[in-house]
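Asker:
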Amino acid sequence: GAVVSQHPSWVICKSGTSVKIECRSLDFQATTMFWYRQFPKQSLMLMATSNEGSKATYEQGVEKDKFLINHASLTLSTLTVTSAHPEDSSFYICSAREDRDRVYTETQYFGPGTRLLVL
Amino acid sequence: AQSVTQLDSHVSVSEGTPVLLRCNYSSSYSPSLFWYVQHPNKGLQLLLKYTSAATLVKGINGFEAEFKKSETSFHLTKPSAHMSDAAEYFCVVPRPLSGGYNKLIFGAGTRLAVHP
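Just so you know, the sequences run in chain order A and B.
Here the working numbering is used: position 111 in the first sequence is 111, and no number is missing along the way.
All you need for the working numbering is the position in the second sequence, starting with 1, plus 1000.
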């Protein structure tokens, strides 16, 4: 089946530093990937949609200069949390849809998540 | 606009008893619907999806869900709970976007606890 990986699985950093999270589709092409944020015991919140070769589309209220997204290839999207602060501590999850899927029946495959702790 | 409401934030069952996790949807047309499961500190795994074919959908790990248009419901069931079923469950409806893909709209989630 379709597999999405994330790296790292967890990261601890100091306030003010930047952190890059990678999301890879391992066995399929994904022109479109998605980045979510999940606070403890809450649902997932879509942050942005990442499209290969073009600018990401950010959800309302998400700072694009804070959360930089790069989708450089059909299997890799990266999320960089710039100048991280403790309030950025969260669980970040990516997902990807297979390019060959039709919109109506498509499935999004989720990565295992990255837990970020900013001290 | 599409939305889903999960009616219970927590459900607790005994091992071996049936599981019922409730989800109602709102949509101006007959939507696709999904159930995802999330185990602690893990990503999401697709349990099953409805895409306007059979209204009774069978998924992995013995779960199934029935799409009922008249009740706008898509409840998730399992005849006999197992300890390993303890997790967070999300009912999800896709919202088509102009870019040719879907934005997933998540319910608030239902935390399932299974007791020995």
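Each residue gets a CB set at the ideal place from its N, CA and C atoms; glycine is no exception.
Can you name, in chain order, every residue of its own chain whose Cβ lies under 8 Å from the Cβ of residue 1020(B), other than the five neighbours on each side?
Answerer: These residues qualify, in order along the chain: 1011, 1075, 1076 and 1077.
Asker: For residue 56(A), write down the residues that DSSP places opposite it in a beta bridge.
Answerer: Residue 56(A) is not bridged to any residue.
Asker: Determine whether the Cβ of residue 41(A) lies closer than 9 Å to any Cβ atom of chain B.
Answerer: For residue 41(A), the answer is yes, since a Cβ of chain B falls inside 9 Å of its Cβ.
Asker: For the region 74-91 of chain A against the region 1060-1075 of chain B, are there 3 or more C-beta pairs whose distance is under 8 Å?
Answerer: Too few Cβ pairs lie closer than 8 Å, so no.
Asker: Buried or exposed, going by whether 16 or more other CB atoms sit within 10 Å of the CB of residue 50(A)?
Answerer: The residue is buried, with at least 16 neighbouring Cβ atoms inside 10 Å.
Asker: Starting from the beta carbon of residue 97(A), find every residue of chain B whose beta carbon is closer than 9 Å, and list them in chain order.
Answerer: Result: 1101 and 1102.
Asker: Return the chain-ordered list of same chain residues with a C-beta closer than 7 Å to the C-beta of residue 39(A), the five sequence neighbours on each side being excluded.
Answerer: Cβ neighbours of residue 39(A) beyond the five flanking positions: 90.
Asker: What does residue 1041(B) touch in chain A if you count any residue whose Cβ is under 8 Å from its own?
Answerer: Residues of chain A passing the Cβ test: 91, 113 and 115.
Asker: From this set, 69(A), 47(A) and 71(A), which residue's C-alpha is nearest residue 60(A)'s C-alpha?
Answerer: For residue 60(A), the nearest C-alpha among the options comes from 47(A).
Asker: Helix, strand or coil for residue 1012(B)? Go by DSSP, reduced to three states.
Answerer: Strand.
Asker: According to DSSP, is residue 1084(B) part of a helix, a strand, or is it coil?
Answerer: Helix.
Asker: Should residue 67(A) be flagged as near chain B, meaning a C-beta pair shorter than 9 Å?
Answerer: So, not an interface residue.
Asker: Can you pull out the residues from the region 16-31 of chain A whose beta carbon lies closer than 7 Å to at least one beta carbon of chain B?
Answerer: Of all residues in the region 16-31 of chain A, none has a Cβ within less than 7 Å of some Cβ in chain B.
Asker: Residues of chain B with CB under 8 Å from residue 46(A), in chain order?
Answerer: In chain order: 1103 and 1104.
Asker: Tell me, to the nearest whole angstrom, how far the beta carbon of residue 26(A) is from that of residue 5(A); I am working on the premise that it is less than 8 Å.
Answerer: Confirmed, about 6 Å.
Asker: Any contact between the region 1083-1093 of chain B and the region 14-26 of chain A? By contact I mean 3 or more CB pairs, one from each, below 8 Å.
Answerer: As far as the Cβ criterion goes, the region 1083-1093 of chain B does not touch the region 14-26 of chain A, which means the pair count is below three.
Asker: To be precise: take each residue of the region 1043-1062 of chain B, compare its Cβ to all Cβ atoms of chain A, and keep it if any distance is under 7 Å. Which residues remain?
Answerer: Under the 7 Å Cβ criterion, the region 1043-1062 of chain B contributes 1043, 1044, 1046, 1049 and 1051.
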